[in-house]
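Note that the protein sequences, when read in sequence, are chains A and B. Each residue of the first sequence is one higher than the one before, starting from 1 at the first, in full-length UniProt numbering. Each residue of the second sequence is one higher than the one before, starting from 1 at the first, in full-length UniProt numbering.
Number of protein chains: 2
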Amino acid sequence: MNEPAELDPVDLRILSALQNNARLLNKELAATVGVAPSTCLDRVNRLRESGVVTGYGVDVDPAKLGRPLQAFLYIRVQPHRSALVDPFVEHVLGQPETRGLWHLTGADDFMVHVATEDAHSLQRLVLDAFTAREEVTRVRTNLIFQHWAGRPLLPPETGTG
Amino acid sequence: MNEPAELDPVDLRILSALQNNARLLNKELAATVGVAPSTCLDRVNRLRESGVVTGYGVDVDPAKLGRPLQAFLYIRVQPHRSALVDPFVEHVLGQPETRGLWHLTGADDFMVHVATEDAHSLQRLVLDAFTAREEVTRVRTNLIFQHWAGRPLLPPETGTG
DNA sequence: AATGAAAGTTATTGTTC
DNA sequence: GAACAATAACTTTCATT
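What follows is the structure in structure tokens.
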């Protein structure tokens with residue numbers, strides 16, 4: 001189920017093109033990768049069915065939504081049992097400022113990506129939604145100056161192909 | 001240019017629906033938010049023209065691409081002038097393992113999200129692509145156990161609407 | 001600014017190679 | 001597995017309210 005999918009050069013070109021612009025028309029995508037539209041549609045459907053493509057999303061500008069200040073919060077959680085972690089995860093995902101949550105190795109168990117209106121609302125979020133909770137023993141805050149998206153993600157070079 | 005956009009309840013419902021599934025047909029999206037397809041198309045175009053929606057992307061499963069091990073690298077960079085930072089950024093974005101890069105406040109200047117084949121290739125990436133560079137003075141590595149996506153991002157509550 | 005209908009394109013299917 | 005041709009569906013425009 002979670003084994004790597006077998007992907008030929010056409011699949012890789014499709015994945016690369018779609019990660020650059022998921023709104024390409026199937027007709028345009030087919031021309032870009034060099035196959036017929038029906039073939040291209042077949043490949044894209046297979047990429048979804050095989051779980052390589054898990055979904056489609058829009059990129060929004062948080063500043064345009066009135067949330068120009070973004071930050072990462074690094075959260076240390078006390079007992080660290082599932083019974084306590086699950087409600088914590090739900091609580092974090094329930095905050096309207098939350099853009100993403102990661103469970104990490106290391107001293108800081110969780111990392112939260114948040115987008116806020118200003119420094120004051122960020123402070124209020126940290127104090128009320130995180131520090132105030134019993135299982136949270138420490139919150140570290142790093143503001144985001146700038147973000148760059150990575151190139152399209154492709155499989156590692158296999159050497160032989 | 002970077003002021004928040006003025007968004008009415010229809011815009012907010014569109015943004016919410018599209019962030020859940022950007023592949024909704026315009027017809028379906030219109031029905032979901034309760035307006036005519038032509039009106040809906042108009043709204044979506046305006047959201048793009050105003051810069052609220054910046055692009056469309058596919059979500060891929062890194063494990064299915066043969067990159068099941070993901071990590072965040074926290075990088076301390078020495079002199080920290082633009083003349084040295086720009087080549088560093090280009091270098092990081094040029095790595096096929098890089099999924100994202102952030103410039104942060106705090107002691108660790110940069111955070112890199114990477115997806116690798118296994119622990120060995122992660123080690124090789126850290127040593128060859130980061131530690132080996134002159135401007136890099138320290139690299140901290142945290143593996144990712146699990147990731148949760150946030151809910152659709154919407155503007156802060158304004159109180160009056 | 002939103003609607004409804006008409007025209008133009010596209011997605012999608014079935015068939016053949 | 002890929003390409004072609006035909007149908008069904010959608011997107012997009014425009015005149016109207």
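By construction, the Cβ of each residue, glycine as well, lies at the ideal position given by its N, Cα and C atoms.
Excluding its 5 nearest sequence neighbours in each direction, Gln78(B) has C-beta neighbours in its own chain below 6 Å: Glu135 and Thr137, listed in chain order. The beta carbon of Ala115(A) is closer than 7 Å to those of Pro62, Arg67, Gln70, Glu97 and Arg99 in its chain, skipping five residues each way along the sequence. Taking 8 Å as the cut-off, the Cβ atoms of Leu153(B) and Val58(A) do not count as close. Within chain A, the residues whose beta carbon sits less than 8 Å from that of Ser50(B) are Lys64, listed in sequence order.
Here the alpha carbon of Leu104(A) sits roughly 44 Å from the alpha carbon of Ala36(A). The C-beta of Lys27(A) has fewer than 16 other C-beta atoms within 10 Å across all chains shown, which makes the residue exposed. For Cys40(A), the closest of Leu84(A), Ser50(A), Val52(A) and Leu25(A) by C-alpha to C-alpha distance is Leu25(A). With a contact defined as Cβ atoms closer than 8 Å, Gly150(B) and Leu73(A) miss out at about 13 Å. Shortest Cα-Cα distance from Ala129(A) to any of Glu157(A), Glu90(A) and Leu15(A) involves Glu90(A).
Fully enclosed beta strand (DSSP E) runs of no fewer than 3 residues occupy 53-60 of the stretch 4-63 of chain B, in order along the chain.
For the options Ala31(A), Ser16(A) and Ile144(A), the alpha carbon positioned closest to that of Val53(A) is the one of Ser16(A). Pairing Asn20(A) with Ala31(A), the inter-Cα distance amounts to about 15 Å.
When DSSP assignments are scanned along the stretch 69-146 of chain A, the uninterrupted stretches of beta strand (DSSP E) that are 3 or more residues long and fall wholly within it turn out to be 69-77, 98-104 and 110-116. Under a 10 Å Cβ-count criterion, Leu127(B) is classified as exposed, with fewer than 16 other Cβ atoms of the shown protein chains found around its own Cβ. When Arg81(B), Phe88(B) and Gln146(B) are compared, the shortest CA-CA separation from Ala132(B) is found for Phe88(B). Within the stretch 139-156 of chain A, the residues whose Cβ lies closer than 7 Å to some Cβ of chain B are Asn142, Leu143, Ile144, Phe145, Gln146, His147, Trp148, Ala149, Gly150, Arg151, Leu153, Leu154, Pro155 and Pro156, listed in chain order. Between Leu101(B) and Phe110(B), the gap from beta carbon to beta carbon is short of 8 Å.
Taking 7 Å as the upper bound on Cβ-Cβ separation, chain A lies near residues Leu93, Pro96, Thr98, Arg99, Gly100, Leu101, Trp102, His103, Leu104, Thr105 and Gly106 of the stretch 91-109 of chain B. A Cβ-Cβ contact shorter than 8 Å links Ala22(A) with Tyr56(A).
By the neighbour-count definition (other C-beta atoms within 10 Å, threshold 16), Pro155(A) is a buried residue. Residues of chain A whose Cβ lies closer than 9 Å to the Cβ of Glu135(B) do not exist, since the nearest Cβ in that chain is about 17 Å away. Contact check for Val10(B) against Arg48(B) fails: the beta carbons are separated by 8 Å or more. If you draw a straight line from the Cα of Asn2(A) to the Cα of Val139(B), it comes to about 30 Å. At a cut-off of 8 Å between beta carbons, Asn21(A) contacts chain B. A straight-line Cα-Cα distance of about 30 Å links His80(A) and Val60(B).
Within the stretch 7-33 of chain B, those residues whose Cβ lies closer than 7 Å to any Cβ of chain A are, in chain order, Leu15, Leu18, Gln19, Asn21, Ala22 and Arg23. For the pair Ile75(B) and Val112(B), the CB atoms are nearer than the 8 Å cut-off. Looking from the CA of Leu7(B), the closest CA among Trp148(B), Gly51(B) and Leu125(B) belongs to Gly51(B). Annotation: Cβ neighbours of Thr54(B) in chain A (cutoff 9 Å, chain order): Val58, Asp59, Val60, Asp61 and Lys64.
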